[in-house]
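Position 365, counted from 1, in the sequence shown is what the numbering used here calls 365; the numbers after and before it change by one each time, with no gaps. See structure below.
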Amino acid sequence: MRKQHQQFSIIRCTVVFVHNPFSGFSTLPYTRHVRAKLRDSVFSGVVLPKLTVLSCLCFIRSQWESKFTKRRTERKRVSVKKAFTAPIYSSRAPLTSAAVGDPELVVQEVQRSLNMSRRRLGYLSCGTGNPIDDCWRCDPDWADNRQRLADCAIGFGKNAIGGRDGEIYVVTDSGDDDPVNPKPGTLRYAVIQEEPLWIIFKRDMVIQLKEELIMNSHKTIDGRGASVHISGGPCITIQYITNIIIHGVHIHDCKQGGNAYVRDSPGHYGWRTLSDGDGVSIFGGSHVWVDHCTLSNCHDGLIDAIHGSTAITISNNYLSHHDKVMLLGHSDELTSDKSMQVTIAFNHFGEDLVQRMPRCRHGYFHVVNNDYTHWEMYAIGGSAAPTINSQGNRFLAPNDRFAKEVTKREDASESEWKKWNWRSEGDQMLNGAFFTPSGAGASSSYAKASSLGARSSSLVGTITVSAGVLSCKKGSRC
Numbered sequence: 001m002r003k004q005h006q007q008f009s010i011i012r013c014t015v016v017f018v019h020n021p022f023s024g025f026s027t028l029p030y031t032r033h034v035r036a037k038l039r040d041s042v043f044s045g046v047v048l049p050k051l052t053v054l055s056c057l058c059f060i061r062s063q064w065e066s067k068f069t070k071r072r073t074e075r076k077r078v079s080v081k082k083a084f085t086a087p088i089y090s091s092r093a094p095l096t097s098a099a100v101g102d103p104e105l106v107v108q109e110v111q112r113s114l115n116m117s118r119r120r121l122g123y124l125s126c127g128t129g130n131p132i133d134d135c136w137r138c139d140p141d142w143a144d145n146r147q148r149l150a151d152c153a154i155g156f157g158k159n160a161i162g163g164r165d166g167e168i169y170v171v172t173d174s175g176d177d178d179p180v181n182p183k184p185g186t187l188r189y190a191v192i193q194e195e196p197l198w199i200i201f202k203r204d205m206v207i208q209l210k211e212e213l214i215m216n217s218h219k220t221i222d223g224r225g226a227s228v229h230i231s232g233g234p235c236i237t238i239q240y241i242t243n244i245i246i247h248g249v250h251i252h253d254c255k256q257g258g259n260a261y262v263r264d265s266p267g268h269y270g271w272r273t274l275s276d277g278d279g280v281s282i283f284g285g286s287h288v289w290v291d292h293c294t295l296s297n298c299h300d301g302l303i304d305a306i307h308g309s310t311a312i313t314i315s316n317n318y319l320s321h322h323d324k325v326m327l328l329g330h331s332d333e334l335t336s337d338k339s340m341q342v343t344i345a346f347n348h349f350g351e352d353l354v355q356r357m358p359r360c361r362h363g364y365f366h367v368v369n370n371d372y373t374h375w376e377m378y379a380i381g382g383s384a385a386p387t388i389n390s391q392g393n394r395f396l397a398p399n400d401r402f403a404k405e406v407t408k409r410e411d412a413s414e415s416e417w418k419k420w421n422w423r424s425e426g427d428q429m430l431n432g433a434f435f436t437p438s439g440a441g442a443s444s445s446y447a448k449a450s451s452l453g454a455r456s457s458s459l460v461g462t463i464t465v466s467a468g469v470l471s472c473k474k475g476s477r478c
């Protein structure tokens, strides 16, 4: 090594050190000349002569560099500093007490750490920690491949493909003049067709239905790119059909319908008795996914699933201003609901809600990473021995001291409901909220009520921050 005309400066160095009053520098496998330079160096404003260096990763570069190279080095230094001070994810690899003797290994280790930081920073630039949203929302060209959304479902409804394998149908007419003979271009005309369809909207619309919107299988209602409201009349019915996705629609102020003829396919219409007035009614349906909708103020439930419905995911919705929010299971006597499996994930249960978030009967229910900020009576209830697996939720109890309990068992004595499998795992309880568990504590008892890995409840605010209908514009991320 030539000593004249050369000096050494520490360009990048990650150091772990402790004070050792009885010794100088520990023996590092570098030359005495380098150790002397390190001894006299200043790192982050701290002089190091009385410190023992346990592990040091340094990239040593000649000080005789061109001005261009120095400017480039400074830019890199600033970039590295930003990478290593990311606010959420720490990019520092754990260091061992063993010194690294080979300078080439030093360089490789530094480069590996920098690459890891860049990958993480790239993730942070769009990622939310919400696995559904991170699957598609980062793509500014989402409108060019709308059906990709169908590959992003999670939970028990993860196989709901809707109209993924069909054509795109554009709704151009908000009218619903004739429920028996719907006009082409209307939403009703689209949902009754036999073939798979991915239904979108040409412009903002308020659709006031005359009767229930009775859907046919393999349909997606995709409101992205427009403000679509279904309100002021009967709303959506999913009856004895499969593969339905409802995404990005405002559903509110739904009324009862019925005592009228309604078409449910191109070749059939029939007489409908009085409907319940739900926002979304799932009656004997399977493989259903309701995602990023905003629901409020309906006659009966916001989302109800009954009569043997199963394989359902209800995710990323914002629900508010309602009494009986969500019923899962028709009655204690209807045993066909014993096979029901429903995932309720990443939803925000918001202002002016009273109860049933959800109310469960018989089946298996995974309630995971939801934000409960309002209830007046209780949040999660049930009867007829349902299995309820509550994981990673955030429960903020009301100020009413008689309504702090998250749970409510109905139509059963304590000796009976103590056998029901209800558990709270990793939930965050605020303002005195508490969950009363029951049944077996073994994880195997909840196998049929487990549909995805729960995130920490401390992340619920971030995961659910975009719950409800998103603002999406073509050419931009949603």
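C-beta atoms are modelled at their ideal positions from N, C-alpha and C, and glycine is treated no differently.
When rounded, the separation of the alpha-carbon atoms in residue 439 and residue 422 is 6 Å. DSSP places residue 242 inside the beta strand (DSSP E), whose first and last residues are 242-247.
Taking the Cβ atoms as the reference, residue 245 lies roughly 11 Å from residue 215, outside the contact range of under 8 Å. Boundaries of the alpha helix (DSSP H) around residue 415: 414-417. For residue 220, the enclosing beta strand (DSSP E) begins and ends at 219-222. Under DSSP, residue 381 forms a beta bridge with 359 and 408. The alpha-carbon of residue 338 is positioned some 43 Å away from that of residue 474. Under the three-state reduction of DSSP output, residue 155 falls in the helix class. Note: residue 420 is not bridge-paired with any residue in the DSSP secondary-structure output. In this structure, the straight-line span from the alpha carbon of residue 407 to that of residue 266 is close to 45 Å. According to the DSSP assignment, residue 169 belongs to the beta strand (DSSP E) that extends over 167-171. Per DSSP, the beta bridge partners of residue 186 are 173.
Runs of the beta strand (DSSP E) lying entirely within the segment 280-333, each at least 3 residues long, are 280-283, 286-291, 294-296, 303-306, 310-315, 318-320, 322-324 and 326-328 in chain order. Between the segment 128-141 and the segment 189-198 there are fewer than three inter-stretch CB-CB distances shorter than 8 Å, so the stretches are not counted as touching.
For residue 317 and residue 478, the gap between their C-alpha atoms comes out near 15 Å. The beta carbon of residue 128 sits closer than 8 Å to those of 134, 137, 462, 463, 465 and 466, all from its chain and outside the five residues before and after it, given in chain order.
Your pair residue 242 and residue 217 checks out as a contact, with CB atoms roughly 5 Å apart and the cut at 8 Å. Straight-line spacing of the CA atoms in residue 425 and residue 193 works out to 44 Å. Between residue 154 and residue 449 the beta-carbon gap is near 15 Å, outside 8 Å, which marks them as no contact.
For residue 292 and residue 470, the gap between their C-alpha atoms comes out near 7 Å. Per DSSP, residue 237 lies in no alpha helix (DSSP H); the unbroken beta strand (DSSP E) holding it starts and ends at 236-239. Boundaries of the alpha helix (DSSP H) harbouring residue 460: 460-463, taken from the DSSP string. The closest CA to that of residue 131, considering only 454, 285 and 472, is found on 454.
The three-state reading of DSSP puts residue 440 in coil, since its state is none of H, G, I, E or B. Distances from the CA of residue 273 to each of 411, 379, 212 and 300 were compared; the closest alpha carbon is that of 212. For residue 230, the enclosing beta strand (DSSP E) begins and ends at 228-231. Residue 436 is classed as exposed because its beta carbon has fewer than 16 other beta carbons within 10 Å across all chains shown. Residue environment: residue 324 is assigned as buried (16 or more neighbouring CB atoms within 10 Å of its CB, all protein chains considered).
Pairing residue 371 with residue 394 gives a Cβ-Cβ distance under 7 Å. Residues 368, 425, 426 and 454 of the same chain have their beta carbon placed closer than 6 Å to that of residue 391, with the five preceding and five following residues left out of the count.
When C-alpha distances from residue 333 are compared across 342, 268, 306 and 319, the shortest belongs to 306.
With a cutoff of 7 Å on beta-carbon distance, residue 442 and residue 420 are scored as not near each other. The three-state secondary structure of residue 145, taken from DSSP, is helix.
In this structure, the beta-carbon distance from residue 329 to residue 361 falls below 7 Å.
According to DSSP, residue pairing for residue 198 in a beta bridge involves 168 and 220. DSSP, reduced to helix, strand and coil, places residue 136 within a helical segment of the structure shown.
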